[in-house]
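Peer 1: Counting with the working numbering, you get residues 3 to 663 for the letters of the sequence shown.
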Amino acid sequence: MKHLHLADMVWQDVKMTTVVRKYAPKALWLIIGALLTAATLVVGLLVWHQVKPLTDGVQLGTEGASVAVAFPSSLGTKAAIKPTAPTEEMIEAAPNSFKLVGVAEFEVTHGEFPEAGALVSINLPAPLAEGHELLITHWNEDVKTWEPATTDLSADRMIATAQVPHFSKYGFWDYLFNAANQVMGNAATTGVTCDAPLPDWVEPEFFDDINGPVLWCGGRDAYNPDILVAKLKMNRGYAAKITTALDPEYKWSDLWDGMGPETMVNMLAMANLSSVNKTTNDYIVQPLGEYSFGFNRGAVEKFYADGKWDKPLIEVSVGWVYTAFGFLYSELKDAVGGDVAATFTALALAQCAYDVNDGVVGTDSVSLFTTSMSCIETSLDGLHNGALAFLTKKLPKTSKTALANRLKPAAAKMKTILKIYSAASMATRIMTSVGDQGLTDITRQFLYSPSLKAIQDAAAAKKSASLQTFTTTSADLTFSFKYPASWAVIESDVGLKILNAEGEQLGHLQALLVWGSEGLPITMPILDPMHTGSFIVQEPCTDCTLTVTSKILDAAQATGAADYPLPKPPMEVLNWPKRFGVFVAPGKTVQPSTVDPRLTYAVLVLNPTERNSFGYESRVLLVGGRKYFSTLPDAQAWMESDEHGQLVDLMASIRANTPFK
3 MKHLHLADMV
13 WQDVKMTTVV
23 RKYAPKALWL
33 IIGALLTAAT
43 LVVGLLVWHQ
53 VKPLTDGVQL
63 GTEGASVAVA
73 FPSSLGTKAA
83 IKPTAPTEEM
93 IEAAPNSFKL
103 VGVAEFEVTH
113 GEFPEAGALV
123 SINLPAPLAE
133 GHELLITHWN
143 EDVKTWEPAT
153 TDLSADRMIA
163 TAQVPHFSKY
173 GFWDYLFNAA
183 NQVMGNAATT
193 GVTCDAPLPD
203 WVEPEFFDDI
213 NGPVLWCGGR
223 DAYNPDILVA
233 KLKMNRGYAA
243 KITTALDPEY
253 KWSDLWDGMG
263 PETMVNMLAM
273 ANLSSVNKTT
283 NDYIVQPLGE
293 YSFGFNRGAV
303 EKFYADGKWD
313 KPLIEVSVGW
323 VYTAFGFLYS
333 ELKDAVGGDV
343 AATFTALALA
353 QCAYDVNDGV
363 VGTDSVSLFT
373 TSMSCIETSL
383 DGLHNGALAF
393 LTKKLPKTSK
403 TALANRLKPA
413 AAKMKTILKI
423 YSAASMATRI
433 MTSVGDQGLT
443 DITRQFLYSP
453 SLKAIQDAAA
463 AKKSASLQTF
473 TTTSADLTFS
483 FKYPASWAVI
493 ESDVGLKILN
503 AEGEQLGHLQ
513 ALLVWGSEGL
523 PITMPILDPM
533 HTGSFIVQEP
543 CTDCTLTVTS
553 KILDAAQATG
563 AADYPLPKPP
573 MEVLNWPKRF
583 GVFVAPGKTV
593 QPSTVDPRLT
603 YAVLVLNPTE
613 RNSFGYESRV
623 LLVGGRKYFS
633 TLPDAQAWME
643 SDEHGQLVDL
653 MASIRANTPF
663 K
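#1: The alpha helix (DSSP H) spanning D651 covers which residue range?
#2: Measuring only the C-alpha atoms, how far is T86 from S170?
#3: Where does N659 sit, in a helix, a strand or coil, going by DSSP?
#4: Label A106 either buried or exposed according to how many other C-beta atoms from any shown protein chain fall within 10 Å of its C-beta, with 16 as the threshold for buried.
#5: Would you call the stretch 110-119 and the stretch 142-154 in contact, with 3 or more CB pairs under 8 Å?
#6: Given a cut-off of 9 Å on the beta-carbon distance, is the pair M272 and A391 in contact?
#7: In the DSSP output, what is P452 paired with across the bridge?
#8: Who are the Cβ neighbours of Q507 in its own chain at under 6 Å, not counting the five residues just before and after it?
#9: Between R159 and A247, what straight-line distance do the alpha-carbon atoms span, to the nearest angstrom?
#10: Can you tell me which of the three DSSP states T400 falls into?
#11: First and last residue of the beta strand (DSSP E) that includes Y331?
#12: Name the residue from A637, A639 and D176 whose alpha carbon lies nearest to the alpha carbon of E132.
#13: Less than 9 Å separating the beta-carbons of V318 and A413?
#14: Who pairs with T480 in a beta bridge, going by DSSP?
#15: Do you know offhand how far I83's Cα is from G239's?
#16: Just to confirm, are T445 and V216 a CB contact at a threshold of 9 Å?
#17: Is there at least one Cβ from chain D nearer than 9 Å to P206's Cβ?
#18: In whole angstroms, what separates the C-alpha of T347 from that of K417?
#19: Suppose you measure from the CA of A81 to the CA of A120; what does that come to, to the nearest Å?
#20: Just curious, the alpha helix (DSSP H) that L270 is in, first and last residue?
#21: Nearest to P167 by CA position, among A151, K402 and L178, is which residue?
#22: Since V1 sits in a beta bridge, which residues does DSSP pair it with?
#23: For T347, write down the residues that DSSP places opposite it in a beta bridge.
#24: Can you tell me where the alpha helix (DSSP H) with R299 in it begins and where it stops?
#25: Are the beta-carbon atoms of F448 and A232 separated by less than 9 Å?
#26: Along the chain, where does the beta strand (DSSP E) that runs through Y225 open and close?
#27: Confirm, please, whether the CB-CB distance from M375 to G332 is below 9 Å.
#28: Using only CA atoms, which one of P116, E91, S68 and L102 lies nearest to G78?
#29: Who pairs with Y293 in a beta bridge, going by DSSP?
#30: Looking only at C-alpha atoms, which of S99, Y172 and E90 sits nearest to S123?
#31: Looking only at its own chain, which residues have a Cβ that is under 7 Å from the Cβ of C354, when we skip the five neighbours before and after it?
#32: Is I286 near Y324, with beta carbons less than 9 Å apart?
#33: With a threshold of 16 other CB atoms inside 10 Å of the CB of I419, please say whether the residue is buried or exposed.
#34: Assuming V103 and F208 form a contact by the criterion Cβ under 8 Å, report the distance between their Cβ atoms to the nearest whole angstrom.
#35: Alpha carbon to alpha carbon, how far is I457 from V320? Give it in angstroms, no decimals.
#36: What would DSSP say about N213, mapped onto helix, strand or coil?
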C-alpha cells in the first residue's frame, strides 16, 4: 500500500477497498486473502523485529510524513484519519525534549473496533536520524495528558508502529533520547573563577582539571578576609547532591537569580511536606549548574579543631536519585523556568526517592527509578501545592496567581513524563547516565587545609592562652612580661626570681639606674662560635630597645677576673676568648666552675627625653639566665628544649611604660 499525506490517507484506503470488493471473483478473493495474510506477517516481522539502526539518516521534518491504520484481526473494519492542530493544552503537556510531528484523530467508519486493537503507523520520507526515536501517544482528554503507546521503529528507520486499544486523538513525536544527561565528557571550555584570591589563613585542596566532573575555585570575600569563598560548577549533564560540612555564612545558586538556595530539609519544610532521614546541609545542583558558598573562618577552624579532618568542607555526590532529578529537571526547565523546574523536581524526588539508597546503580536503580516515578504520579496534587507554598515564600514579590500559572504546565508535563518514562525500557536508558561514579572521591570534594601562617598563629594563640602577665614597678620603671602559668615569679630585694614548674630558678630580672645618656653600663656582646642567636624585640616601649640573646659560655675558658673601664659603681667582668661583658655583683671575685648561668639574657635600654628624679637619663632592665650546667653538651641540649624557648619568649614579651614624665 502506498502511503500518502495525512489528508490523502483515508481516500486511498477507501478507494483500494472498493475496487477489490466490486470486481474480484471468488477465486481471486482467495488469492488476495492469502496475499494479505502473507503481507500481514511480513509487516508484522518488519514492525516487531529489531535490527541494528542505520548509521546514515536525515533529521525528521514535518513535511512528507504520513500516517495509516490497520486492523490485522478484522480486515473488514475501516477507519477515517483526520489531521488536527494541537491544542494549547496538548503542547503544554508535552515533554521538553519532544518535537511534535503532528496530531491525528482516528475514528471507525465501518465495522467494529476489534478487541485485539489496531496498528497505527507513521511513515517518514527519509530514515530517522541516528540517536532519535519516534513515539506514538494517545491524548487523554479527561486528565489532559499524553499517554505513550509501545512504539517500534522499522529496520530502515522509516516506519514507526504502535498497537493501540482504542481510537481518539494520537500524537506523533520525534525526540533525541535524554541527550543532556548522557554528557559524560567535560562540558566546559573554561574553569570557574573567584573574584578575590584566597585568604592567608587557608590553603584548600580540590581537583583542578577542566575535564573533571566538578570545576572548583577558592577565594575570599571581597569585603571580609575572614570569609572563605568556595565555588563549584557541574561539568556534566547530570545533576548531583551537594553536602557542606557546616552551615555556610551565605550561599548562591544560578537557579535563584542571586537569592540563596535552600537545603532539602528547608525546601520540604517551606513546602509543608514531611522530611524524614534528611541530613541538614544537602542541596541539589542542576546539570551544568553553579553554586557558591561563603564560610566563616571561626566556624571552619572550630569545626576542624574538633578532629573532623577527614570530612570534606564540600562534597558532591552522584547516584540514581540525582540522575533522575537531572532528567526530570531538563524536561521541564525550558517551559517553566529553572527555579520552578528545580522546585517541583526536587520536592518530588525528596518526597518519593530521597530516602532510598542513592548509591545503588545498575538494574536495581531501574527498579527504584520506576517505583519513584509511580510514587510521584500519585502525589502530584500534593507536590503541586507544596511547590506553590515554597515558591510563595521564596519569591514574596511574585503574586501567588503568577506562580500558580507558572506551575500549571510543570504538573501537566510531569504527568506525561511519568507515564512515558515509567516503562522499564525507558528507565534502563536513563540510568545508563549515572556517571563518573568510578572516579576517586577527591574529584568531587573541596577539602579544608589551614595555611602555614594559620597554623603558626594558632600555636601562638594557644601558647598565649596558657600565659600569665606579671606587672611591677622598679627604679621608676613600670614593666610587664608574660610567663607560663605553671611557672612562678618571686619578688626579692634585688629583683625578680623566675622559677620553673619544679621550683628551679631559670632567671633573674632587675631594673637598674644608669649614668650617661646612652644607658650602656657594659659592652654589648661580641658574637663568638658558641653563640646561638639574638634578636631585637620591636617596640617593647617608647624610646627604647630590647635585645634578647642566647649564648653558651664555658667557665673553664675564662682567664680570670679583671677590671673593666665602666662608670661607677664598680663592676667586674670575666674575660672570655672573645670579650663578652657580664654583670656580676660588686666585689664578686669567685669564678664559676661550671658552665656560665647567663645562658640566655636580655638587655632593655630606655632613653627618655627627660631626666628622672635622680637626674639620670636612662634605665636598663636586665634579665639573665640562672641555670647551671656541668657540661657544654648539657647546655646545648637545653638550648633546644621547650623550657629554653619559654624563657626566650618571656624576655621577648617585656613591655615597659615611659618611666617618668
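Ideal placement from N, C-alpha and C gives every residue a C-beta, glycine not left out. Note that the structure is predicted; figures quoted are calculated from it, not measured.
Peer 2: Taking the geometry as given:
#1: First-last of the alpha helix (DSSP H) with D651: D644 to A654.
#2: Straight-line measurement puts the Cα of S170 at about 11 Å from the Cα of T86.
#3: In the structure shown, N659 adopts coil according to DSSP, grouped into three states.
#4: It counts as buried.
#5: Two segments are said to touch when three or more pairs of C-beta atoms, one from each, lie closer than 8 Å; by this definition the stretch 110-119 does not touch the stretch 142-154.
#6: Against a cut-off of 9 Å, the Cβ pair of A391 and M272 comes out as a contact.
#7: P452 is bridged to V204.
#8: Around Q507: K499, L501 and R628.
#9: The alpha-carbon atoms of R159 and A247 are separated by roughly 51 Å.
#10: Looking at T400 - three-state DSSP - the assignment turns out to be coil, as it is neither helix nor strand.
#11: Looking at the DSSP string, Y331 is not in any beta strand (DSSP E); the run it does join, the alpha helix (DSSP H), is W322 to V338.
#12: Residue nearest to E132 within the set A637, A639 and D176 is D176 (criterion: CA-CA distance).
#13: Contact: no.
#14: Answer by DSSP bridge pairing, in chain order: T475.
#15: Near 40 Å, if we compare the C-alpha coordinates of G239 and I83.
#16: With contacts defined by Cβ atoms closer than 9 Å, T445 and V216 form a contacting pair.
#17: No chain D is present in this structure, which holds just one protein chain.
#18: Their Cα atoms are separated by approximately 12 Å.
#19: So the two alpha carbons sit approximately 10 Å from each other.
#20: Per DSSP, L270 belongs to the alpha helix (DSSP H) from M266 to M272.
#21: Closest by C-alpha distance to P167, out of A151, K402 and L178, is A151.
#22: Look at the range of the chain in this structure, 3 to 663, and you will see that residue 1 is not part of it.
#23: The beta-bridge partner set that DSSP reports for T347 is empty.
#24: Where R299 is concerned, the enclosing alpha helix (DSSP H) stretches over R299 to A307.
#25: Going by C-beta atoms, F448 is nearer than 9 Å to A232.
#26: In the DSSP assignment, Y225 falls outside any beta strand (DSSP E), carrying neither H nor E.
#27: The question names Gly, but residue 332 in the sequence shown is Ser. Contact: no.
#28: Considering only alpha carbons, the answer is P116.
#29: For Y293, which the question treats as bridged, DSSP gives the partners L234 and S255.
#30: Closest in C-alpha terms to S123, from the list S99, Y172 and E90, comes Y172.
#31: So the list reads S374, C377, I378 and S381, once near-sequence residues are dropped.
#32: In this structure, I286 sits near Y324, with a CB-CB distance shorter than 9 Å.
#33: I419 is classed as buried because its beta carbon has at least 16 other beta carbons within 10 Å across all chains shown.
#34: Wrong, their Cβ atoms sit about 46 Å apart, outside the cutoff.
#35: V320 and I457: Cα-Cα distance of roughly 34 Å.
#36: The three-state secondary structure of N213, taken from DSSP, is coil.
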